[in-house]
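Structure first, then comments.
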Amino acid sequence: MNIFETKLNYVISIITGVLSAILGDFWFLFVFLLGLNIIDYITGIMKARYLKRESSKKAMKGFVKKFLIWCLVAMGFGLGITFQKIGEVIGINLHIMMAIGWFILAHCILNEIRSILENMVELDKGHLVPNWLIKGLEVTNKILDKKANNIVDNMENNFKNKT
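Using the working numbering, you'd call the opening residue of the sequence shown number 8 and step up by one each time.
Right, dumping it as C-alpha cells:
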C-alpha cells in the first residue's frame, strides 16, 4: 500500500468510527439519507434548469426542506429516547417509542427516493425510470404508514387497558 492509500484508510476509519460513536450501529442509514438529500437537491436544480424554471427562492425552499427533514429525524429519535428514559424512571417499558425515529427515518428515505425519481421522470420524459419502481415505492410507503399506525393503535389500546 502506498502512503496515499494508507492515509485514505486512516481518514475513512476515523470518519466511520466517529459516525458509529455518534449515530450507533446504523450510521450508514443516516449517511444514506444525507446522500439522497444531496442527490435530490442536485436533480431538482437540474430539472429547474431543464424546464427553464430556475428560481433562487425555490432553491432556498428546497434547502430549507432538507434542513427540516433532519429536524424531523432528530425529533423522532429525541422523542424515542426521551420516552424510553422516562419509562425507565417510572417503571414502564417504553422501548417501543424508539420506533418513532426509525419510522420517520424510513419515511424520509422513501420520500427522498420518490422525489429523485420524479425529477428523473421529468428530465427524461419517463423513459429511464420504470413505472413499477414508482408504484412499488408508493406501496412501500403505504405499508410503512399502516404499520406505524398499527403500532400507535396497539400502544393506545394497551394504555387504555392498563388504566
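Glycine included, every Cβ here is placed at the ideal spot set by N, Cα and C.
Following the continuous alpha helix (DSSP H) through residue i, name the residue where it begins and the one where it ends.
i: G24; result: 10-30
i: R121; result: 106-131
i: R60; result: Neither: R60 is in no alpha helix (DSSP H) and is coded neither H nor E.
Report the option in the options whose CA atom is closest to the CA atom of residue i.
i: F39; options: L140, V159, L117; result: L117
i: A106; options: I120, K167, V80, E95; result: V80
i: I76; options: G51, G31, L43, I93; result: L43
i: I127; options: K72, I52, F11, L26; result: In the sequence under discussion, the amino acid at residue 127 is Met, which differs from the Ile named in the question. The candidate whose alpha carbon is nearest that of M127 is I52.
Excluding the 5 residues preceding and the 5 following residue i in the sequence, name in chain order all residues of the same chain whose CB lies nearer than 8 Å to its CB.
i: L58; result: E129
i: W139; result: none
Looking only at its chain, what residues have a beta carbon closer than 6 Å to the beta carbon of residue i, apart from the 5 residues adjacent to it on each side?
i: F90; result: L101, M104
i: T50; result: I123, N126
Are the beta-carbon atoms belonging to residue i and residue j less than 9 Å from one another?
i: F37; j: L86; result: no
i: K154; j: F84; result: no
i: N156; j: H114; result: no
i: D32; j: E119; result: no
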